[in-house]
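Residues 313 to 534 in our numbering are what the sequence shown spells out, letter by letter.
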Amino acid sequence: MASFEVIERESLRLVKVTLQNETVRTESGAMYYIRGNIQMKSKAPSAGGFLKSLATRENIFRPTYTGTGELYLEPSLSGYHILELDGSEWILDSGAYWASDSTVEVGIERNKFLSGLVGGEGLFQTKVKGRGTVVMVAQGPVEVINLRNDRLVVDGNFAIARTNTLTYRVEKATKSFLGSMTSGEFLVNSFEGTGTVLLTPVPYWQVMMLRQISAALPKTSS
Numbered sequence: 313m314a315s316f317e318v319i320e321r322e323s324l325r326l327v328k329v330t331l332q333n334e335t336v337r338t339e340s341g342a343m344y345y346i347r348g349n350i351q352m353k354s355k356a357p358s359a360g361g362f363l364k365s366l367a368t369r370e371n372i373f374r375p376t377y378t379g380t381g382e383l384y385l386e387p388s389l390s391g392y393h394i395l396e397l398d399g400s401e402w403i404l405d406s407g408a409y410w411a412s413d414s415t416v417e418v419g420i421e422r423n424k425f426l427s428g429l430v431g432g433e434g435l436f437q438t439k440v441k442g443r444g445t446v447v448m449v450a451q452g453p454v455e456v457i458n459l460r461n462d463r464l465v466v467d468g469n470f471a472i473a474r475t476n477t478l479t480y481r482v483e484k485a486t487k488s489f490l491g492s493m494t495s496g497e498f499l500v501n502s503f504e505g506t507g508t509v510l511l512t513p514v515p516y517w518q519v520m521m522l523r524q525i526s527a528a529l530p531k532t533s534s
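Printed below as a string of structure tokens:
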């Protein structure tokens, strides 16, 4: 399988993919530049796939790159997270998919109507399954939360991915309507069961700002 690496250059981050007679898939428009003998192909979708993309607003034009060499993907002020699949299935936040091995199947997951409508995740999300590497867009450092017959409640759209073994729903922060309204946390995202959730609670620009402030503060001697 191809090798994926996240590189940081002057606060920008990009993904380097090394191929040895292998094939990878990326999001449309993700390519930065290529070194070596790598060929790009972009297949036209079927009529059914095209209609499905119109309904879900998911991108179906995801080109593949085959050959030997290095593929560099577009740099960004955001970050990237490398996810290794071992036959598992993950549900990604809308827009989080960036690249993957060709062995990974990329599809669509439909959320329950109310949860998708008011929860911020949308009615449709990207689904990945199989074996291989998936690269995700992450606004900040990723926190991994493993659940074992447990429940995780998240305020806001901090969750960027979850395993399909978890039950996802949107619910009131408290049992009463008035309590939810006055708590400051009216609706929350709930994940329940056994599986894993990936969170990005702090964006990279805040991390960089905190580092700069910390570096500017005078050092105190002990």
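Idealized CB from N, CA, C, for every residue including glycine. Keep in mind that this is a model prediction, so the values were computed, not measured.
Using a 10 Å radius around the Cβ and a threshold of 16 neighbouring Cβ atoms, would you call residue i buried or exposed?
| i | result |
| --- | --- |
| LEU426 | Low confidence applies to LEU426: its pLDDT is 47, below 50, so where it sits in the model is not reliable, and the reading given next is rough at best. LEU426 is exposed by the Cβ-count criterion. |
| SER412 | buried |
| TYR377 | buried |
| ARG463 | exposed |
| ILE350 | buried |
| ASN501 | buried |
| LEU478 | buried |
| LEU397 | buried |
| VAL446 | buried |
| THR380 | exposed |
| LEU395 | buried |
| ARG474 | buried |
| ALA342 | buried |
| GLU455 | exposed |
By Cβ distance below 6 Å, which residues in the same chain neighbour residue i in space, the five residues on each side in sequence not counted?
| i | result |
| --- | --- |
| THR438 | LEU404 and TYR409 |
| GLU320 | none |
| PHE489 | No answer about PHE489 holds up, because its pLDDT of 44 lies below 50 and its placement is not dependable. |
| THR330 | SER315 and GLU382 |
| PRO530 | none |
| VAL465 | VAL500 and SER502 |
| GLU334 | ALA314 |
| ARG347 | GLY381 and GLU382 |
Give every residue of the same chain whose Cβ lies closer than 7 Å to the Cβ of residue i, excluding the five residues on either side of it in the sequence, and list them in chain order.
| i | result |
| --- | --- |
| TYR345 | TYR384 |
| PHE373 | SER340 and SER354 |
| GLY444 | MET313, LEU397, SER412, ASP413, THR415 and VAL416 |
| PHE470 | LEU511, THR512 and PRO513 |
Below 8 Å on the Cβ atoms is my guess for residue i versus residue j; work out the distance and round it to an integer in Å.
| i | j | result |
| --- | --- | --- |
| ALA450 | SER390 | 7 Å |
| VAL318 | VAL327 | 6 Å |
| SER442 | VAL482 | A quick correction: the sequence has Gly, not Ser, at residue 442. About 29 Å separates the two Cβ atoms, so there is no contact after all. |
| PRO387 | LEU324 | 4 Å |
| ASN402 | ASN476 | Just to set this straight, residue 402 is Trp in the shown sequence, not Asn. Correct: roughly 7 Å between the Cβ atoms. |
State yes or no: is the C-beta of residue i nearer than 6 Å to some heavy atom of the ligand MN?
| i | result |
| --- | --- |
| GLU339 | As presented, the structure is devoid of all ligands, the ligand MN included, so that no description of it is given. |
Can you check DSSP and say which residues form a bridge with residue i?
| i | result |
| --- | --- |
| MET343 | LEU385 |
| ALA471 | LEU511 |
| TRP402 | VAL440 and THR475 |
| LEU459 | GLY507 |
| ILE394 | VAL447 |
| ILE350 | GLY379 |
| VAL454 | None, per the DSSP bridge assignment. |
| GLY419 | LYS439 |
| ILE412 | Position check: residue 412 holds Ser in this sequence, whereas Ile was assumed. Note: SER412 sits in a beta bridge opposite ARG337 and VAL446. |
| LEU331 | GLY381 |
| LEU324 | ARG321 |
Can you list, in chain order, the residues of its chain with a C-beta nearer than 8 Å to that of residue i? Leave out the 5 residues immediately preceding and following it.
| i | result |
| --- | --- |
| PRO375 | ARG337, THR338, SER340, MET343, MET352, LYS353 and SER354 |
Decide if the region 442-457 is in contact with the region 507-516; the criterion is three or more beta carbon pairs, one per stretch, under 8 Å apart.
yes
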